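In this note's numbering, the protein residues as written are 93 to 538.
The C-beta atom is built at its ideal place from N, Cα and C for all residues, glycine as well.
Quick caveat, the model's predicted, so the values are computed rather than measured.
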Amino acid sequence: MIMAIALPIVIQNLLTNFVAMLDNVMVGKIGTDQMTGVAIINQLFFVFNLAVFGGMSGAGIFSAQYFGQNNHNGARNVFRMKLIIGIFIIAISMCVLIILHEPLINMFLHEGGASGNIHATFKYARDYLYIMLFSIIPFVVANCYSTTLKEAGQTMVPMIAGLLAVIVDFVFNALLIFGLLGFPKLGVIGAAIATVMSRFVECGYLIIYTYRHSDKYRFIKGVYSNLHVPSSLVKKILLRGTPLLFNELLWAAGITMQTQALSTRGLSAIAGLNISNTLNNVVNTFFLTMGIAISIVIGQLIGAGKLKEAKETDTKMITFSLMISLGVSALLLIAAPLFPRIYNTTGEIRYLATRFILVYVLATPFNAFTNAAYFTLRSGGKTVMTFIFDSGFIWAVNVPVAMLLAHFTNLPIVWMFFIISMLDAIKSVVGFILVKKGDWLNIIVE
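This is how it looks when you write it as structure tokens:
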């Protein structure tokens with residue numbers, strides 16, 4: 093059951109991140125300023141993406157347990173709640189990105205190193221953002237559908253939707269970035285248009301498929317007849333889900349602040365991080381996928397009242413995730429000197445990217461464990477504990493350390509990055525203690 097759920101999610105996320113890597117390389121072929129501008133906007137959208145993830149996750153705890161009880165009416169109400177949460181996230185995100193985009197972009201622009209033009213980078217970032225705003229609505233709607241299907245144990249459909257999005261994104265990136273086959277050569281604007289198109293294709297496929305198979309996915313029947321959600325369920329979801337939403341927002345904001353601290357060493361630091369993060373995002377797919385699988389499998393077991401089996405299964409899944417991390421570290425070690433060479437950028441940026449990837453080699457096992465611990469705590473509805481463990485840690489430890497290193501030392505960028513990354517070793521110890529206690533084994537649905 094574990095692999096049946098996890099494997100399609102692995103494939104979906106691998107495809108998405110692999111083509112995101114290709115997108116990044118394609119923009120990188122144009123020049124360093126374009127690549128850095130796109131990287132800055134992607135960092136801002138990283139916060140938005142995790143806000144959506146957090147909003148869906150809080151409600152998803154209930155979906156997984158309702159599906160474990162075969163309660164489709166309960167799952168239908170949770171889906172409606174996801175839509176309502178999504179509307180609020182869309183409105184807030186649009187306002188922030190439209191009104192505050194200039195100071196948000198400038199936050200990452202600092203002189204330093206031998207590479208990069210601040211004014212050109214700002215222009216590319218702004219142009220890319222204006223188009224990417226159109227991707228927000230289909231991204232949120234697609235997440236409402238895909239997360240609910242996954243919580244029902246149906247992971248093949250979101251995988252196929254992701255594959256279609258990947259194909260559209262890759263093809264139109266090639267056509268619109270470089271102007272192939274008579275298409276206009278649009279550069280970063282072309283990359284943004286291709287991404288928006290892929291979001292609409294993914295969203296459309298999920299909606300059409302779910303409705304055509306409504307006998308199988310009964311939660312969708314009558315879901316839009318009204319958006320009424322029982323007040324008792326709203327209170328429960330908000331009680332459990334609000335900490336998760338704020339956790340994802342604050343965690344993403346914490347990561348962004350770390351990146352901003354690193355950017356004080358110059359545009360070359362941002363460019364190097366962008367290259368290394370492109371590769372790291374692909375390999376992190378395994379850990380995110382195992383986390384999602386943990387939340388689905390353990391959530392359904394808890395919902396069915398099989399608490400002992402849930403704890404034993406969780407231990408096995410965490411061990412499996414750690415075993416994968418060792419193989420991933422080995423692959424990163426091999427790729428470190430090779431991957432940056434495919435970018436059309438300077439030797440300085442390639443050097444930094446290689447060193448950043450080598451740091452990931454050491455940090456990957458800790459990342460794997462903290463990810464698994466996070467999803468374990470979340471599966472039983474311990475959202476306040478999850479909040480403290482995740483975003484509480486990053487703001488209490490990582491962000492202050494990053495700011496101290498950035499503004500009160502002359503430490504080279506690579507050593508700054510190493511120290512910040514290895515703080516996950518401390519977080520892993522905290523996670524081990526919390527998971528071992530077993531307080532997360534809670535049935536939260538009736």
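- prompt: Does the Cβ of C295 have 16 or more other Cβ atoms within 10 Å, making it buried, or fewer, making it exposed?
  reply: Of the residues assessed, C295 falls on the buried side of the cut-off, its CB having 16 or more other CB atoms within 10 angstroms.
For N134, the nearest candidate out of A363, F180, M248, F510 (CA to CA): Distance check between N134 and each of A363, F180, M248, F510 places A363 closest, using alpha-carbon atoms only.
message: Less than 9 Å between the beta carbons of G383 and Q161, yes or no?
response: Their beta carbons are not under 9 Å apart, which means G383 does not touch Q161 by this criterion.
Beta-carbon proximity list for L319, same chain, < 8 Å, skipping 5 on both sides: Counting only Cβ-Cβ distances below 8 Å, and skipping sequence neighbours, we find R172, L175, I176.
task: Please report the Cβ distance between L526 and A465, rounded to the nearest whole angstrom; I am assuming they are in contact, meaning their Cβ atoms lie under 8 Å.
output: Confirmed, about 7 Å.
message: Please tell me whether S387 and S238 are closer than 9 Å, where the distance is taken between their beta carbons.
response: Taking 9 Å as the Cβ cut-off, S387 and S238 do not qualify as a contacting pair.
- prompt: Counting Cβ pairs, one atom from each stretch, are 3 or more of them under 8 Å apart for the segment 260-277 and the segment 187-204?
  reply: Because the criterion of three Cβ pairs below 8 Å is not met, the segment 260-277 and the segment 187-204 do not touch.
query: When burial is assigned at 16 or more other CB atoms within 10 Å of the CB, is D261 buried or exposed?
result: Buried, since its Cβ has 16 or more Cβ neighbours within 10 Å.
- prompt: Which whole-angstrom value describes the C-beta separation of F154 and V144, a residue pair presumed to lie in contact below a C-beta threshold of 8 Å?
  reply: So it is not a contact: roughly 17 Å between Cβ atoms.
- request: Check each candidate in P250, L515, G147, F379 and name the one with the smallest Cα separation from V420.
  value: Measuring from the Cα of V420, the nearest candidate turns out to be F379.
message: Buried or exposed for P432, going by 16 or more other Cβ atoms inside 10 Å?
response: That one is buried.
task: Using beta-carbon positions only, say whether F510 and V451 come within less than 9 Å of one another.
output: Using a Cβ distance threshold of 9 Å, F510 and V451 count as a contacting pair.
query: Are the beta-carbon atoms of A494 and M508 separated by less than 9 Å?
result: With respect to the 9 Å criterion, A494 and M508 are classified as neighbours on the basis of their beta carbons.
message: Does A183 pass the burial test, meaning 16 or more other C-beta atoms within 10 Å, or should it be called exposed?
response: Per the 10 Å Cβ criterion, exposed.
query: Leaving out the 5 sequence neighbours to the left and right, which residues in its chain are closer than 8 Å to I423 when beta-carbon positions are compared?
result: The sequence shown places Leu at residue 423, rather than the Ile named in the question. Taken in chain order, the residues that qualify are V375.
query: CB-CB under 7 Å to M248, same chain, minus the five flanking residues each way: which ones, in chain order?
result: Annotation for M248: P100 place their beta carbon closer than 7 Å to its own, counting only its chain and skipping 5 residues before and after.
- request: Return the chain-ordered list of same chain residues with a C-beta closer than 6 Å to the C-beta of A353, the five sequence neighbours on each side being excluded.
  value: Leaving aside the five residues that flank A353 on each side, the residues in its chain whose CB is nearer than 6 Å to its CB run, in chain order, A494, M495, A498.
message: Pop quiz: V130 and Y220 are said to be a contact at Cβ under 8 Å. What is the actual Cβ separation, rounded to whole angstroms?
response: Your pair V130 and Y220 checks out as a contact, with CB atoms roughly 5 Å apart and the cut at 8 Å.
- prompt: Can you name the start and end residues of the alpha helix (DSSP H) that P432 belongs to?
  reply: DSSP places P432 in no alpha helix (DSSP H); its state is neither H nor E.
query: Do L136 and I197 have their C-beta atoms within less than 9 Å of each other?
result: For L136 and I197, yes; Cβs fall inside 9 Å.
Exposure label - L430; buried when at least 16 CB within 10 Å: Per the 10 Å Cβ criterion, exposed.
field: M514 in three-state terms, based on DSSP
entry: M514: coil per DSSP, three-state reduction.
query: What are the boundary residues of the alpha helix (DSSP H) that T259 is part of?
result: Strictly speaking, residue 259 in this sequence is Ile, with Thr absent from that position. Where I259 is concerned, the enclosing alpha helix (DSSP H) stretches over 248-270.
task: Please determine, among M224, G472, R168, A286, the residue with the shortest C-alpha to C-alpha distance to F138.
output: Shortest Cα-Cα distance from F138 to any of M224, G472, R168, A286 involves M224.
field: Euclidean distance between Cα positions of K121 and G274
entry: Taking the straight line joining both Cα atoms gives about 19 Å.
- request: Can you say whether V293 is buried or exposed, counting buried as having 16 or more other CB atoms within 10 angstroms of its CB?
  value: V293 should be labelled buried.
- request: With Y237 as the anchor, note down where its alpha helix (DSSP H) starts and where it stops.
  value: The continuous alpha helix (DSSP H) containing Y237 extends over residues 228-243.
- prompt: Between which two residues does the alpha helix (DSSP H) carrying H164 extend?
  reply: DSSP places H164 in the uninterrupted alpha helix (DSSP H) bounded by 164-191.
task: Below 8 Å on the Cβ atoms is my guess for A167 versus F311; work out the distance and round it to an integer in Å.
output: The distance from the Cβ of A167 to that of F311 is about 4 Å, consistent with a contact at the 8 Å cut-off.
task: Using only alpha-carbon positions, find the residue among F140, G279, A257, T475 that is nearest to V78.
output: Summary: the structure shown does not reach residue 78, with the chain confined to residues 93 through 538, and so no result is reported for it.
- prompt: With DSSP run on the structure shown, which of helix, strand or coil describes S355?
  reply: Here S355 sits in helix by DSSP.
task: Let me know the secondary structure DSSP gives G146 once reduced to three states.
output: In the displayed model, G146 falls within a helix according to three-state DSSP.
- request: Return the residue from the list K242, I228, K519 that minimises the CA-CA distance to V188.
  value: Comparing Cα positions, the closest option is I228.
query: Using the rule of at least 16 other Cβ atoms within 10 Å of the residue's Cβ for burial, across every protein chain shown, is R304 buried or exposed?
result: Burial call: exposed.
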